[in-house]
Amino acid sequence: MYLVGFLIFGLVVGFIARAVMPGRQHMGLLATMLLGVAGSFLGGLLGNLLFSGRWDHPSTAGWIGSVLGSLLLLAVLSRSRRPLFR
């Protein structure tokens, strides 16, 4: 049940990140969900690096860290020349 909840959380975070990011992103539901999940881990990693100095304990971030991580990941992906999620 935890995995299903985390995937739904990733979908919501991915939708929020896509809504905040200007421009049009060509992503389906699965890509949006993966964006949110990866952004949550990226936000947790950056939070650990900034506040505790540990990078070797992977964790997920809360809502704000997850959205910020997803935005960062989406910005990096949108800089590529070819669309990745078409």
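Read in order, the letters of the sequence shown correspond to residues 4 to 89 in the working numbering.
Yeah, the Cβ is synthetic: ideal placement off N, Cα and C, and Gly gets one too.
Quantities reported herein were computed from a predicted structural model and do not represent experimental measurements.
Distance check for residue 11 and residue 20, CA to CA, integer angstroms please. 14 Å
Using the Cβ count rule (16 or more neighbours within 10 Å means buried), how would you classify residue 47? buried
If you compare alpha carbons, which of 17, 83, 82 and 26 is closest to residue 45? 17
Taking the C-alpha atoms as reference points, what is the distance between residue 81 and residue 28? Each residue's alpha carbon lies about 8 Å from the other.
Closest by C-alpha distance to residue 42, when choosing among 4, 15 and 6: Comparing C-alpha distances from residue 42 to each of 4, 15 and 6 shows the shortest one belongs to 15.
So residue 4 is in the alpha helix (DSSP H); what residue range does that whole segment cover? Neither: residue 4 is in no alpha helix (DSSP H) and is coded neither H nor E.
Endpoints, the alpha helix (DSSP H) within which residue 36 is located: 32 to 54
Check whether the Cβ atoms of residue 72 and residue 49 sit closer than 8 Å, and answer yes or no. yes
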